[in-house]
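Beneath this line is the structure, given in structure tokens, with notes to follow.
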Amino acid sequence: MIEVTAKASEVVLSKPALAFVEELHRTFEPRRQELLKKRAERYRKLAAGDSFDFLPETAKVRSGDWKVAATPADLQKRHVEITGPVERKMMINALNSGADVFMADFEDALSPTWSNVVQGHLNLMDAVRRKLTFTSPEGKTYKLNEKLATLLVRPRGWHLPEKHLEADGKPIAGAFADFGLYFFHNARETLDRGTGPYFYLPKMESHLEARLWNDVFVLAQEKLGIPRGSVRGTVLVETLPAAFEMDEILYELRDHAGGLNAGRWDYIFSLIKKLRTRKDLILPDRQQITMTVPFMRAYTELLVKTCHRREAHAMGGMAPFIPTRKNPEINEKALAQTRADKEREVADGFDGTWVAHPDLVPVAKEVFDRKLGKPHQKERKREEVRVEARELQDTRVPGGTITENGMRNNISVAL
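Count along the sequence shown from 1, add 66, and you get the number used in this note's numbering.
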């Protein structure tokens, strides 16, 4: 086992906290396993020639006139959200960045060593209580400003285990561990400070998986005496199956829904993975897969329309450009590309966007503040949008090519 500091272990892994996580596991683990089996069954059908479609059994949900719960005050304006791992220095910089929201990440941005996970929870406890500080080896001190970004936490997806926590000799799901420890230690504290226990929910593939999250929220609130409806979960639509169930996902989470986010990069990966047996749908070089190609437009247009019809926030995806302060030419190009990307998102109806670097916060913020002049644009219902099932899964790109340079680039990235 990776070494964990005594303080982190004593505070984070207290007996009551572990008992809470264990109860989540014992209550919901059988359902989680069934849902993972459903994923595998669905893929086997795809490999045998099946295709995706909107679910006939949930047609009434899609056509129904319902709305998600009202958005909390500190989540009304989400023009710019910055993401990063649960590491002290990076958390301080993100919370101080001027972004509206900081998503502290136990998923893609964090290597899930046991020390990273446990220390990450201790860091979050300090951040919630505004006690987070850091001193570098050079002696530079970092501390929180008076005005901070609203904190959201992303636990791991349903498919990932946390091998360092076991029940009956089997690993507990990373989702139960990440959500459970953060909620146990911080839910009441966040409410007392005028905010709430807010989450980003990754890698979902169906509304049944959203239903499981909602039931976890309900039980967690009940067990700790937290008012029902305090939790908010924003769902990353980053798998192809989820794109066909956006209405249903919001419906299952309607008492706790924070919105949907267009997780573009994992979505493209999901397309490749789910459609890999379709020789007629092989993607071109990765640099040709922009947000303006037909199947990506269909995905984002449907997401905005779905969210705004249900009074939920529609969040744009991660800017793919990282600035560098060492090369002014590369830096200016990255800033210009980010600006253009965010101009497109706000024109499409998104209420906010993601960035991964503090230097991109003012760029994205200027675009959304200038274009909107208000917290969001949920009044834009995008009723003119009509997306058919075939448009979401037809990955052919007009003029798209597969080249040797593209293949070499893919190999280089992988290495």
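Built from N, CA and C at the ideal position, the CB exists for glycine as well.
Beta-carbon within less than 7 Å of residue i's beta-carbon, same chain only, minus the 5 sequence neighbours each way: which residues are those?
i: M156; result: G150
i: H63; result: There is no way to answer for residue 63, as the model of the chain reaches only from 67 to 481.
i: A175; result: T149, G150 and P151
State buried or exposed for residue i, treating a residue as buried only when at least 16 other CB atoms are found within 10 Å of its CB.
i: Q130; result: It should be pointed out that residue 130 corresponds to Gly in this sequence rather than to Gln. G130 should be labelled exposed.
i: L481; result: exposed
i: N476; result: exposed
i: M473; result: exposed
i: P50; result: The requested residue 50 is not part of the displayed model; the chain covers only 67 to 481.
i: V479; result: exposed
i: A170; result: buried
i: D332; result: buried
Please report the straight-line C-alpha distance between residue i and residue j, rounded to a whole angstrom.
i: N334; j: Q443; result: Asn is not the amino acid found at residue 334; the sequence shown has Ile there. Their backbone Cα atoms lie some 26 Å apart in a straight line.
i: M67; j: T467; result: Here M67 scores only 36 on pLDDT, less than 50, and its place in the model is too uncertain to base an answer on.
i: R376; j: T93; result: 30 Å
i: K126; j: K133; result: 14 Å
i: I148; j: Y266; result: 12 Å
i: F86; j: P221; result: 16 Å
i: H230; j: P237; result: 7 Å
i: E107; j: G299; result: 27 Å
i: K81; j: E100; result: 29 Å
i: R352; j: K111; result: 27 Å
i: F482; j: F242; result: There is no way to answer for residue 482, as the model of the chain reaches only from 67 to 481.
Would you mind stating whether residue i and residue j have Cβ atoms separated by less than 8 Å?
i: M357; j: R330; result: yes
i: T372; j: L316; result: yes
i: L486; j: A380; result: Any property of residue 486 remains undetermined from this structure, which presents the chain solely from 67 to 481.
i: V303; j: A309; result: yes
i: L36; j: R97; result: The chain is shown from 67 up to 481; residue 36 falls before or after that span and cannot be answered.
i: L217; j: A193; result: yes
i: G262; j: S296; result: yes
i: F172; j: D281; result: no
i: L285; j: Y248; result: no
i: E275; j: T124; result: no
i: L79; j: V184; result: yes
i: D321; j: A135; result: yes
i: R154; j: L198; result: yes
i: V421; j: V146; result: yes
i: L102; j: H187; result: no
Sorted by chain position, which residues of the same chain lie with C-beta nearer than 8 Å to residue i's C-beta, five sequence neighbours on each side aside?
i: D460; result: L347, P360 and F361
i: P350; result: V463, G466, T467, I468 and G472
Could you name the residues of the same chain whose beta carbon sits closer than 6 Å to that of residue i, not counting the 5 residues immediately before and after it, in chain order?
i: Q142; result: P441
i: A233; result: E88 and H91
i: A364; result: V453, E457 and L458
i: T419; result: G382, K408, E411 and A430
i: G223; result: P268 and K269
i: L341; result: L347
i: A323; result: V134, L316 and A378
i: A113; result: T343
Stretch-stretch touch, CB-based, cutoff 8 Å, three pairs: the stretch 203 to 212 with the stretch 247 to 259:
When Cβ pairs closer than 8 Å are counted between the two stretches, the stretch 203 to 212 is seen not to touch the stretch 247 to 259, the count staying below three.
Check whether the stretch 394 to 413 touches the stretch 447 to 459, counting contact only when three or more Cβ pairs, one atom from each stretch, lie closer than 8 Å.
no
Is the stretch 337 to 345 touching the stretch 288 to 298, taking contact as three or more C-beta pairs under 8 Å?
Of all C-beta pairs linking the stretch 337 to 345 to the stretch 288 to 298, fewer than three are shorter than 8 Å, placing the two stretches out of contact.
With three or more beta-carbon pairs closer than 8 Å as the criterion, would you say the stretch 177 to 190 touches the stretch 428 to 447?
Taking a contact to require three or more Cβ pairs closer than 8 Å, the stretch 177 to 190 and the stretch 428 to 447 do not qualify as touching.
Okay, do the stretch 159 to 176 and the stretch 104 to 119 touch, 3+ Cβ pairs below 8 Å being the bar?
no
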